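Okay, structure first, notes after.
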Amino acid sequence: EAQVTQNPRYLITVTGKKLTVTCSQNMNHEYMSWYRQDPGLGLRQIYYSMNVEVTDKGDVPEGYKVSRKEKRNFPLILESPSPNQTSLYFCASSLSAGFWEQYFGPGTRLTVT
Amino acid sequence: DAKTTQPPSMDCAEGRAANLPCNHSTISGNEYVYWYRQIHSQGPQYIIHGLKNNETNEMASLIITEDRKSSTLILPHATLRDTAVYYCIALNTGTASKLTFGTGTRLQVTL
């Protein structure tokens with residue numbers, strides 16, 4: 002089954018404790034991205050990757066890092082999480098940049114206390 | 315990207331057609347109209363997109379007015395599983411990969 006998976010689905014952590022949210026897709030997609038969704042602010046792009054070893058900032062990259070060492074994986078790293086990073090996070094992939102259909106993962110609900 | 319305007323909520327009886335409107339009066343010639351939906355905090359799901367011709371797929375139909383200033387997403391036989399927030403957005407090919415959802419229309423399908 003074609004899908005995007007994220008882990009963990011739920012995470013409660015404390016300020017400053019480094020964490021990684023994994024994202025993997027099995028569709029051989031070139032383009033992958035991370036979004037966060039907050040009430041009243043909608044969906045905002047954090048980082049994206051056009052292909053392996055090619056990443057770039059989205060609209061809200063501060064406090065996040067990403068890497069794309071393999072085509073299928075695109076982990077999101079929070080080196081020193083803060084409470085304002087409490088959010089619902091989605092990973093998405095598409096065949097290529099600009100392709101009309103993006104596939105989203107199930108989401109990761111992160112709470113930073 | 316052109317701003318889109320949608321009603322905040324709509325109701326539809328199960329089995330009936332759900333017609334969700336969207337205004338995009340400032341849409342430019344190279345911007346497509348996309349529809350996504352999100353079921354209760356799950357990952358958003360692509361539904362359909364179009365430029366100026368009407369489009370239909372297995373999920374829905376998209377009707378775009380001739381002047382392209384508005385469109386309607388039609389779910390021909392709504393079911394309870396179609397209860398979701400529906401987002402209409404205008405994107406060109408260069409920005410199609412960066413989705414920015416507004417508040418959308420919350421569709422409630424009832425028995």
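From first to last, the protein sequence lines are chains A and B.
Its first residue numbered 2, the first sequence is counted upward by one per residue in the numbering used here.
Its first residue numbered 315, the second sequence is counted upward by one per residue in the numbering used here.
Heads up, the beta-carbon is just placed ideally off N, CA and C, and yes, glycines get one too.
Since the model is a prediction, treat every value here as computed from it, not as a measurement.
Helix, strand or coil for residue i? Go by DSSP, reduced to three states.
{"i": "D396/B", "result": "helix"}
{"i": "N311/B", "result": "In this structure chain B extends from 315 to 425, so residue 311/B is not present and cannot be described."}
{"i": "P62/A", "result": "coil"}
{"i": "P84/A", "result": "helix"}
{"i": "P321/B", "result": "coil"}
{"i": "I341/B", "result": "coil"}
{"i": "G41/A", "result": "coil"}
{"i": "Q359/B", "result": "strand"}
{"i": "R420/B", "result": "strand"}
{"i": "V67/A", "result": "strand"}
{"i": "T16/A", "result": "coil"}
In terms of residue numbering, what span does the beta strand (DSSP E) encompassing residue i cover?
{"i": "V347/B", "result": "346–352"}
{"i": "D315/B", "result": "From DSSP, D315/B is part of no beta strand (DSSP E); its letter is neither H nor E."}
{"i": "Q7/A", "result": "5–8"}
{"i": "V22/A", "result": "20–26"}
{"i": "V113/A", "result": "109–113"}
{"i": "L79/A", "result": "77–79"}
{"i": "L444/B", "result": "Residue 444/B cannot be examined here, being either before or after the span of chain B that is shown, 315 to 425."}
Check the DSSP bridge columns for residue i and list the partner residues they point to.
{"i": "W35/A", "result": "Y48/A, C92/A"}
{"i": "N406/B", "result": "Looking at the DSSP assignment, N406/B forms no beta bridge with any residue, so it has no partner."}
{"i": "L376/B", "result": "E369/B, L387/B"}
If contacts are defined as beta-carbon pairs under 8 Å, then residue i and residue j qualify, I think. What distance do you get, rounded to the angstrom?
{"i": "G437/B", "j": "G43/A", "result": "Nothing about residue 437/B can be reported from this structure: the residues present for chain B run from 315 to 425 only."}
{"i": "L421/B", "j": "C326/B", "result": "6 Å"}
{"i": "S88/A", "j": "R37/A", "result": "4 Å"}
{"i": "C92/A", "j": "M33/A", "result": "7 Å"}
Could you name the residues of the region 81–95 of chain A whose beta carbon sits closer than 7 Å to any beta carbon of chain D, in the order they occur along the chain? Going by chain labels, chain D is absent from the structure shown, which instead holds the protein chains A and B.
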